[in-house]
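Here the structure is laid out as structure tokens; the discussion comes afterwards.
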Amino acid sequence: MSIWWSLHLRRDAASVPLARRLLMGTMETAGVDPDVSYDLSVALSEACANAVEHGGTATPDGSPQAYRVTAYLDGERCHIEVADSGPGFTPPRRTTRQVASDAEHGRGLCLIEELADHVQFGSPQGRSGAVVSFEKILKWRNDAPLVAV
């Protein structure tokens, strides 16, 4: 079983819950375990929020630029990628990155690392921007209609 989708969203706060709801609906329909779905939806929300906040400047007419969200449910894993056209960033080093639990900024990347099984931070080749990509092994509900075989 494979399901994939890609969205091009405006860098607007209202786009974050839209992406999250689409992911949650896809995983619920496929029969993914609710705990796994929740973890991935929180990680996606954090990646989208970062793209909205840091993903570039406004266009000449003042409208916000777009960012892209792509999700693949393929076999026993889900792979998600969020890419923007902002200035990019230096990826955090997992072993040294610590953020206070009451901090208002800087916790998103740590949350993504904690909730996903594999995480990559980088920049697209040949252009500006940031790419946050992560995946998680899926667990399925007993009554899952689209269980991977």
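Numbering that gives the first Met the number 0 puts the first residue of the sequence shown at 0, with every later residue one more than the last. Positions of the beta carbon are idealized from the N, C-alpha and C atoms, including for glycine.
In the assembly as shown, Ile111 is a buried residue. Its beta-carbon has 16 or more other beta-carbons within 10 Å. The three-state secondary structure of Gly74, taken from DSSP, is coil.
Taking all protein chains shown into account, Asp83 has 16 or more neighbouring C-beta atoms within 10 Å of its C-beta and is therefore buried. In the displayed model, Leu8 falls within a strand according to three-state DSSP.
For Gly121, the CB contacts under 6 Å within the same chain, skipping 5 residues up- and downstream, are Val130 in chain order.
Within the same chain, and ignoring the five residues on either side of Glu80 in sequence, the residues whose Cβ sits closer than 6 Å to its Cβ are Thr69 and Ser132.
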